[in-house]
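See structure below.
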Amino acid sequence: APPLQDVDNQELKKLLSSLPKERGIISSDTYQYQGFWYPPHALQGIINCQEEFQPRENDIFLVTPPKSGTTWLKAILYALVNREAHPPQDPHHPLLSKTPHQLVPFLELLHPSEYVSVCNSSDSSTRILATHVPLGTLPKAITGDSSSLNCKIVYLCRDTKDNFVSLFHFGNDRMKTSPISLEDAFDLYCKGISPGGPIWDQILGYWKESQKNPHKVLFMRYEEMKDEPYLQLRRLANFLGIPFFPEEENSGLVDQIISICSFESMTKVDVNKTGTFVDGSNNSSFFRKGVVGDWKNCLTADMASRLDQITEEKFRGSGLSL
Ligand code: A3P
């Protein structure tokens, strides 16, 4: 198979030329596939995985719209699931020498050789994989014919105003030579033209599935993680069937996991400050401010209310509010 993220391969070029195309927020062009928008470098991987990926029952999928706190939750999941082999206080903890994206890769961005080693490994330990695609675009081998999910999905999203602002900064960090204006990016976002978007449709898809299938889909929010990390981490551990033992709680393990994954700790780790990610962005661009409500420094009151209004309309009747 051609490299998953090689945008120059002929097969992908042919596919891209058949898809609706727009200016993108994080890439100069974005393409619509099965009703949702993606940067070109992700599409080949998404399609290959739809055809080939075979889940295992103990797989954990982290699904997010980009810039919702994926990097953070990757770190948390890794530290949580591997807490026996790698106690969070271990001075050689993998999170101190690798980025969360190396430890928990995006399925659609795996290089073919990594893809093969992930898929063919005879090791039965839990695989944690991430993706940005909506429920309907996940490989059918995961969702099953009747939408009876074959593995657990942790879904994380974030207030759309903060999500947009984070996306806008990230995009301009990547596209230094052809930056996009705040106004243009905002219009695209409101029209649903953002990676993995329309964001509301993606969120609603997983929200409904989490209501229908609470043992298979856990719906989480960035703001709740910031507000009550201890509670959310326990919720996550319970959902994954690996609850904390009383001895673990008493020994401070939960706090240690929160601490090693905190914005302050992670931004001190060398590998998170230097080097580049597979899509060409800087590792450091996954860490910006890490706060709730930064949209106030970037959006006008009109922009904020326009976005809030769209969100309210889209979510009306779903039982969900952001
Ligand atoms: P901001 O741009 O608002 O600062 P993703 O990982 O999905 O790409 O999301 C990136 C966002 O998560 C950025 O938001 C980034 O700063 C924030 N983030 C990264 N690591 C974090 C951490 N450990 N704790 C809280 N937020 C974090």
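Going left to right, the sequence shown walks through residues 7 to 328 as the UniProt record's numbering numbers them. Even for Gly, the Cβ is constructed at its ideal location relative to N, Cα and C.
What residues in its chain sit with their C-beta under 7 angstroms from that of residue i, if we drop five residues either side in the sequence?
i: lysine 167; result: Trp301, Leu305, Ala310 and Leu313
i: lysine 274; result: none
i: proline 45; result: Gly30, Ile32, Ser33, Thr36 and Pro201
Within 10 Å of its beta-carbon, does residue i have 16 or more other beta-carbons around it, so buried, or fewer, so exposed?
i: arginine 62; result: exposed
i: glutamine 60; result: exposed
i: aspartate 233; result: exposed
i: serine 154; result: exposed
i: lysine 158; result: buried
i: leucine 116; result: buried
i: glutamate 114; result: buried
i: asparagine 54; result: buried
i: serine 172; result: buried
i: serine 184; result: exposed
Nearest to residue i by alpha carbon, out of the options?
i: tryptophan 78; options: Phe292, Glu319, His138 and Phe321; result: Phe292
i: leucine 102; options: Pro185, Lys182, Cys267 and Ile316; result: Cys267
i: leucine 141; options: Gly247, Ser216, Tyr236 and Ile31; result: Ser216
i: glutamate 58; options: Ile31, Pro118 and Leu22; result: Pro118
i: leucine 239; options: Tyr44, Ser23 and Val87; result: Val87
i: asparagine 219; options: Ser172, Val275, Ile264 and Val160; result: Val160
i: valine 223; options: Leu162, Thr143 and Pro100; result: Leu162
i: isoleucine 82; options: Ala243, Glu229, Lys27 and Gly51; result: Ala243
i: asparagine 288; options: His47, Pro71, Asp179 and Val69; result: Asp179
i: proline 145; options: Cys196, Tyr44, Arg241 and Gln56; result: Gln56
i: isoleucine 66; options: Pro252, Thr132 and Leu21; result: Thr132
i: lysine 279; options: Val124, Lys20, Lys104 and Gly41; result: Lys104
i: glycine 202; options: Ser172, Leu22 and Pro71; result: Pro71
i: asparagine 169; options: Pro235, Glu90, Ser200 and Ser187; result: Ser200
i: glutamate 90; options: Leu25, Met181 and Ile248; result: Ile248
i: isoleucine 52; options: Glu270, Val139 and Arg164; result: Val139
i: serine 74; options: Phe225, Thr273 and Ile316; result: Phe225
i: proline 235; options: Asn156, Thr149, Ser265 and Ser172; result: Ser265
i: tryptophan 182; options: Ser257, Ser33 and Phe269; result: It is lysine, not tryptophan, that sits at residue 182 in the sequence shown. Nearest C-alpha to lysine 182: Ser33.
i: threonine 76; options: Arg227, Glu17, Ser128 and Lys20; result: Arg227
Could you pull out every residue in the same chain whose Cβ sits closer than 6 angstroms to the Cβ of residue i, ignoring the five residues on either side in sequence?
i: valine 110; result: Lys80, Tyr84, Ile134 and Ala136
i: proline 8; result: Because proline 8 carries a pLDDT of 44, less than 50, the predicted location of this residue cannot be relied on, and the following value inherits that uncertainty. Closer than 6 angstroms at the Cβ level, and outside the excluded window around proline 8, lie Asn15.
i: lysine 27; result: Asp35 and Tyr37
i: valine 298; result: Glu229 and Lys232
i: residue 399; result: For residue 399 there is no data in the structure shown, the boundaries of the chain being 7 and 328.
What are the boundary residues of the alpha helix (DSSP H) that includes residue i?
i: glutamine 38; result: First-last for glutamine 38: 35–39, but that is the beta strand (DSSP E), not the alpha helix (DSSP H).
i: phenylalanine 192; result: 188–196
i: isoleucine 266; result: 259–266
i: valine 297; result: Looking at the DSSP string, valine 297 is not in any alpha helix (DSSP H), and its letter there is neither H nor E.
Can you give me the start and stop residues for the beta strand (DSSP E) that residue i sits inside?
i: alanine 136; result: 134–137
i: glutamate 28; result: 27–29
i: tryptophan 43; result: 42–44
i: isoleucine 66; result: 66–69
Compare the C-beta of residue i with all C-beta atoms of chain B and state if any pair is closer than 7 angstroms.
i: glutamine 208; result: In the structure shown, chain B cannot be found, because there is only a single protein chain.
Enumerate in chain order the residues of its own chain whose CB-to-CB distance from residue i is below 8 angstroms, with the five nearest sequence positions on each side excluded.
i: proline 100; result: Tyr84, Asn88, His92 and Leu109
i: serine 324; result: Leu210, Trp213 and Lys214
i: isoleucine 31; result: Leu173, Phe174, Gly177, Ile186, Ala191, Leu194, Tyr195, Ile199, Ser200 and Pro201
With a cut-off of 7 angstroms, give the chain-ordered residues whose Cβ is closer than this to any heavy atom of the ligand A3P. Residues flagged by the Cβ proximity filter: Thr70, Pro72, Lys73, Ser74, Gly75, Thr76, Thr77, Trp78, Ala81, Asp168, Val171, Ser172, His175, Phe176, Lys232, Cys267, Ser268, Phe269, Met272, Phe292, Phe293, Arg294, Lys295, Gly296, Val297 and Asp300.
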